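Residues in the sequence shown are numbered from 11 upward in steps of one, following the working numbering. Glycine included, C-beta positions come from ideal geometry on N, C-alpha and C. Predicted, not measured: the structure shown is a model, and the values here were computed from it.
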Amino acid sequence: MQKMWIDGRWTGSVSKKTFPIDNPATEEIIDEVPRANAKDADLAVESAAQAFREWRGVPGIERAALMHEFATRLRAKGKAVARQLTLEGGKPLIENLDEVEWCAACFDYYGELSRDQGGKVPSPVFRHQVNFVRKEPYGVVVAIVPWNYPLLLLTWKLAPALAAGNAVVIKPSNETPLSTLMLAEDLAIFGKGVVNILTGFGTEVGDPLVVHPDVALVAFTGSIATGKAIAAAAAPHLKKLNLELGGNDPFIVCDDVDLDVAARGAVWAAFLNMGQVCTSGERFYIFESVFDEFVRKFVAHAKKLRLGNPLGPDIDCGPLIREAHRRQIEAKIEEAVSQGARVLCGGRRPPLLKKGYFFEPTVLVGVTQKMSIMRSETFGPIAPLVPVKGIEEAVRCADDSEYGLGANIYTNNLEHAMYAMENIHAGTFWINDPLTDNDAAPFGGMRKSGIGRELGIEGLDAFREPKHVHLDYKIEAKSYWYPYRWSTVKKDEAR
Ligand code: NAD
Numbered sequence: 011m012q013k014m015w016i017d018g019r020w021t022g023s024v025s026k027k028t029f030p031i032d033n034p035a036t037e038e039i040i041d042e043v044p045r046a047n048a049k050d051a052d053l054a055v056e057s058a059a060q061a062f063r064e065w066r067g068v069p070g071i072e073r074a075a076l077m078h079e080f081a082t083r084l085r086a087k088g089k090a091v092a093r094q095l096t097l098e099g100g101k102p103l104i105e106n107l108d109e110v111e112w113c114a115a116c117f118d119y120y121g122e123l124s125r126d127q128g129g130k131v132p133s134p135v136f137r138h139q140v141n142f143v144r145k146e147p148y149g150v151v152v153a154i155v156p157w158n159y160p161l162l163l164l165t166w167k168l169a170p171a172l173a174a175g176n177a178v179v180i181k182p183s184n185e186t187p188l189s190t191l192m193l194a195e196d197l198a199i200f201g202k203g204v205v206n207i208l209t210g211f212g213t214e215v216g217d218p219l220v221v222h223p224d225v226a227l228v229a230f231t232g233s234i235a236t237g238k239a240i241a242a243a244a245a246p247h248l249k250k251l252n253l254e255l256g257g258n259d260p261f262i263v264c265d266d267v268d269l270d271v272a273a274r275g276a277v278w279a280a281f282l283n284m285g286q287v288c289t290s291g292e293r294f295y296i297f298e299s300v301f302d303e304f305v306r307k308f309v310a311h312a313k314k315l316r317l318g319n320p321l322g323p324d325i326d327c328g329p330l331i332r333e334a335h336r337r338q339i340e341a342k343i344e345e346a347v348s349q350g351a352r353v354l355c356g357g358r359r360p361p362l363l364k365k366g367y368f369f370e371p372t373v374l375v376g377v378t379q380k381m382s383i384m385r386s387e388t389f390g391p392i393a394p395l396v397p398v399k400g401i402e403e404a405v406r407c408a409d410d411s412e413y414g415l416g417a418n419i420y421t422n423n424l425e426h427a428m429y430a431m432e433n434i435h436a437g438t439f440w441i442n443d444p445l446t447d448n449d450a451a452p453f454g455g456m457r458k459s460g461i462g463r464e465l466g467i468e469g470l471d472a473f474r475e476p477k478h479v480h481l482d483y484k485i486e487a488k489s490y491w492y493p494y495r496w497s498t499v500k501k502d503e504a505r
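Structural data, given as structure tokens:
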């Protein structure tokens, strides 16, 4: 049985309760972890609050050295960590090896960025004065993480939060806490209590963390429903929130591109990690002049995807995260079909994979913009393909959504690309290359897809608050103080 990490040591939960973690590819229980509650949350926050007093004063160059050291340790144990990610989360090993490297690179990036960017020096308003803006850490930050990219989405919070000088309490998803726990002893290099890890369920330990009086900021990635619950719980305490929520990304294919490349890109965007990516392509709008040919190519590539145990070689897709999620996806397909959609491939559990929460990549046509498959996030391996007359209709449909996380277009036509970019709400807009992120550019959602941004300088500023310092190095009474003398006060003279 695993323990969790509070105040620099391994510990069970106060209640002594545990819960099992299963492997979604085999349905076997692979470990057990403590089931934390509000009492454990108190202990972790107390430890972090204590550690913050020391950590906030560590100079940037020392912090950066520690962040590079952590990145080196992460790379050194990368294969073992990637294997653990695969066992608990079901993504193919090759994708998890990438995930570990992205995390290490992100620690390197924020180590250096925070050395370079401590604030700013604006021009003063009057003579012999100095103004500077310090970017200060908030204090204790809570990082609540989902299961689809357990370490990457943690890193997008943890690396900038630490670089900014905060102490952190991590609440990994109850589905995938093991890979995070594997890093606990490496995270100890930042100091006792600077990083704590609590395992458990959202309502039992996530909620107590959100409302804890000594927690200054909650950084959350997850569904819109949970984001709303966290915002409601945080509101009476006026907590600072950074929310990365769900998406329902549109994907436009114009008639001027190599359709085979566009189809392969679209299949990858739709089925990467079984569609369990917040920026998965979820709605595909194809110019009608190339619709039939695109559909043929898309289906051909989708049918070639190799499903199986994600630890194995030559596997493209693993299982879904859990049985309940598989049933939700089946229900969504059934509903769409009952309303007139047609399944061109997939739509079922693979007959040869009896164990594990596998589901075949599914292509739908005959869908309409009103169906729930088009309006709400599926977070699964379903690609609805829809013909559109041209760029105006494509953009109108793409932007007809309450989400605004990402959007894609394939085109060589600059006017089409720029028109779509300007008129679709999206935190990230990809042209001819879906789903590529950049540590140095902000990531996040417009509309209901989120509040705030991760990555880039924006992602560092999410974990710091500015303090404006005004200093006058010549002590003298100002002409504009009391008593007012309208006839003689000339403020400009003091400038
Ligand atoms: P989820 O909202 O169910 O859970 C996310 C985390 O919140 C988990 O750690 C969970 O235990 C915790 N939680 C649940 N209820 C809570 C509560 N009341 N208080 C505090 N914490 C609580 O999401 P999920 O199923 O783990 O992940 C899938 C969702 O995440 C999808 O909607 C997906 O789009 C979204 N997501 C968004 C991004 C992004 O960057 N915008 C990235 C990945 C995933």
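Using the C-alpha atoms, what's the distance from residue j back to residue i?
{"i": "R359", "j": "V205", "result": "41 Å"}
{"i": "W20", "j": "P444", "result": "41 Å"}
{"i": "V377", "j": "G357", "result": "15 Å"}
{"i": "A245", "j": "G212", "result": "17 Å"}
{"i": "V221", "j": "Q60", "result": "19 Å"}
{"i": "I331", "j": "L103", "result": "15 Å"}
{"i": "P391", "j": "E344", "result": "14 Å"}
{"i": "S133", "j": "D471", "result": "21 Å"}
{"i": "G67", "j": "K130", "result": "19 Å"}
{"i": "L415", "j": "W15", "result": "33 Å"}
{"i": "R385", "j": "L317", "result": "28 Å"}
{"i": "A393", "j": "L84", "result": "35 Å"}
{"i": "K8", "j": "V43", "result": "Coverage of the chain is limited to positions 11 through 505, which leaves residue 8 absent and any answer about it impossible."}
{"i": "I401", "j": "C264", "result": "8 Å"}
{"i": "H435", "j": "P452", "result": "15 Å"}
{"i": "P371", "j": "G285", "result": "9 Å"}
{"i": "P170", "j": "M456", "result": "21 Å"}
{"i": "A417", "j": "T209", "result": "34 Å"}
{"i": "S489", "j": "F136", "result": "12 Å"}
Using only alpha-carbon positions, find the residue among the options that is nearest to residue i.
{"i": "K181", "options": "K202, L162, P156 and S348", "result": "P156"}
{"i": "K458", "options": "R495, K484, D41 and G232", "result": "G232"}
{"i": "L253", "options": "D324, C264, A153 and P246", "result": "A153"}
{"i": "A273", "options": "F297, N283 and L255", "result": "F297"}
{"i": "A279", "options": "D326, M431, L123 and E432", "result": "D326"}
{"i": "N319", "options": "K101, E412 and A436", "result": "K101"}
{"i": "I262", "options": "K26, C407 and K167", "result": "C407"}
{"i": "E109", "options": "E340, Y119, D118 and L161", "result": "L161"}
{"i": "V228", "options": "V151, G462, H435 and K380", "result": "V151"}
{"i": "A86", "options": "Y119, D196 and K365", "result": "D196"}
{"i": "G201", "options": "A341, E486 and E72", "result": "E72"}
{"i": "E387", "options": "M11, V287, K89 and F62", "result": "V287"}
{"i": "E105", "options": "G350, Y494, P323 and S299", "result": "P323"}
{"i": "C116", "options": "A74, P147, L255 and Y148", "result": "A74"}
Go ahead and pull the three-state DSSP assignment for residue i.
{"i": "I199", "result": "helix"}
{"i": "T7", "result": "In the structure as shown, the chain begins at 11 and stops at 505. Residue 7 is therefore absent and cannot be evaluated."}
{"i": "G88", "result": "helix"}
{"i": "H435", "result": "coil"}
{"i": "I234", "result": "helix"}
{"i": "R293", "result": "strand"}
{"i": "C407", "result": "helix"}
{"i": "W15", "result": "strand"}
{"i": "A177", "result": "strand"}
{"i": "G129", "result": "strand"}
{"i": "Q286", "result": "coil"}
{"i": "D482", "result": "strand"}
{"i": "C264", "result": "coil"}
{"i": "P223", "result": "coil"}
{"i": "Q379", "result": "coil"}
{"i": "K372", "result": "Checking the displayed sequence, the identity of residue 372 turns out to be Thr instead of Lys. Note: T372 maps to strand in three-state DSSP."}
{"i": "E64", "result": "helix"}
{"i": "I331", "result": "coil"}
If I'm right that residue i touches residue j with Cβ under 8 Å, what's the distance once you round it to whole angstroms?
{"i": "G121", "j": "M77", "result": "3 Å"}
{"i": "K145", "j": "P476", "result": "6 Å"}
{"i": "A46", "j": "S124", "result": "The pair is not a contact, with the Cβ atoms about 30 Å apart (cut-off 8 Å)."}
{"i": "V179", "j": "V55", "result": "6 Å"}
{"i": "M283", "j": "N158", "result": "The sequence shown places Asn at residue 283, not Met. Right, the Cβ-Cβ distance comes to about 6 Å (below 8 Å), so this counts as a contact."}
{"i": "A226", "j": "A58", "result": "Not really, about 10 Å apart at Cβ, beyond 8 Å."}
{"i": "K313", "j": "L269", "result": "With 8 Å as the limit, K313 and L269 do not qualify as a contact, their Cβ atoms being about 17 Å apart."}
task = Take every Cβ of the segment 188 to 195, pair it with every Cβ of the segment 210 to 221, and state whether three or more of those distances are shorter than 8 Å.
result = no
query = Are the segment 233 to 240 and the segment 35 to 51 touching, with three or more C-beta to C-beta distances below 8 Å?
reply = no
ask   = Is the segment 25 to 43 touching the segment 89 to 104 in the sense that three or more CB pairs, one from each, lie closer than 8 Å?
value = yes
message = So, does the segment 412 to 431 touch the segment 329 to 337, judging by three or more C-beta pairs under 8 Å?
response = no
ask   = Is the segment 466 to 482 in contact with the segment 132 to 151, if contact means three or more CB pairs nearer than 8 Å?
value = A contact exists between the segment 466 to 482 and the segment 132 to 151.
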